[in-house]
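Read in order, the letters of the sequence shown are residues 460 to 609 in the working numbering. We put the beta carbon where it would ideally sit given N, CA and C, even for glycine. Bear in mind the structure is a predicted one, so any value in this text is a computation, not a measurement. Just below is one structure, and these are the notes that go with it.
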Amino acid sequence: MISISKLKTAVTGRNVLIDSNIIIYLTDSVQPYASLSKTLFEIVEAGDAEAIISILSVSEVMQGPIIKKEPAVATEVKDYLVNFPNCYCQEITMGVLEIVGNDKQIDWSGLRAVDSLVVASGIANGVDLFISNDKHFKKALPREMILSFD
């Protein structure tokens with residue numbers, strides 16, 4: 460697992476995409492990653508980094524409370540994410556769709572359909588670092604473009 464110091468160094472001053480698993484670590488207090496996720500969101504909130512979250516990731520994070528029959532919590536999570544300071548929630552547009560399969564740095568064939576749209580959401584917004592623990596992201600993205608908590 461990376462250190463908080465390494466996380467701060469890696470993301471400060473950058474435009475990052477935060478994948479759904481990283482958000483879930485925070486919202487569900489998943490150990491041992493919750494403190495890293497909390498630190499990441501503190502960095503973004505302070506304006507020391509800018510973040511992109513795909514609207515698909517927001518939907519994925521909402522699923523936990525929905526499955527638990529807690530729709531009010533799901534709405535709170537959505538409102539928290541879409542209004543988070545220094546963070547932009549990218550909707551799926553034709554522009555995002557046009558990116559899928561076209562950036563030669565990415566091994567698009569190694570991504571699931573939803574993940575390809577999440578990655579394209581980041582590219583559409585000029586992110587220079589994708590933060591995810593997803594094994595598909597780790598295989599499909601160049602090493603210098605991915606930061607994993609592992």
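- Of the residues assessed, Val577 falls on the buried side of the cut-off, its CB having 16 or more other CB atoms within 10 angstroms.
- In this structure, Leu600 lies near Phe589, with their beta-carbon atoms less than 8 angstroms apart.
- Between Leu466 and Thr498, the CB-CB gap stays under 8 angstroms.
- Listed in chain order, the non-local C-beta contacts of Glu519 below 6 angstroms within the same chain comprise Ser479, local neighbours out to five positions each way being set aside.
- Assigned with DSSP and collapsed to three states, Glu504 falls in helix.
- The C-alpha of Val532 lies about 8 angstroms from the C-alpha of Ile525.
- Here Leu556 is exposed: its Cβ has fewer than 16 other Cβ atoms, across all protein chains shown, within 10 Å.
- Take Ala469, set aside five residues on each side of it, and the residues of its chain with a beta-carbon closer than 6 angstroms to its own are Leu606, in chain order.
- In the structure shown, the three-state DSSP call for Phe596 is helix.
- By the beta-carbon neighbour count (other beta carbons within 10 angstroms, threshold 16), Asp574 is buried.
- Inter-residue distance for Pro491 and Ser568 is about 31 angstroms (C-alpha atoms, whole angstroms).
- Here Glu535 carries a helix assignment [DSSP, helix/strand/coil].
- Looking from the CA of Ile463, the closest CA among Ile582, Gly581, Phe543, Phe500 belongs to Phe500.
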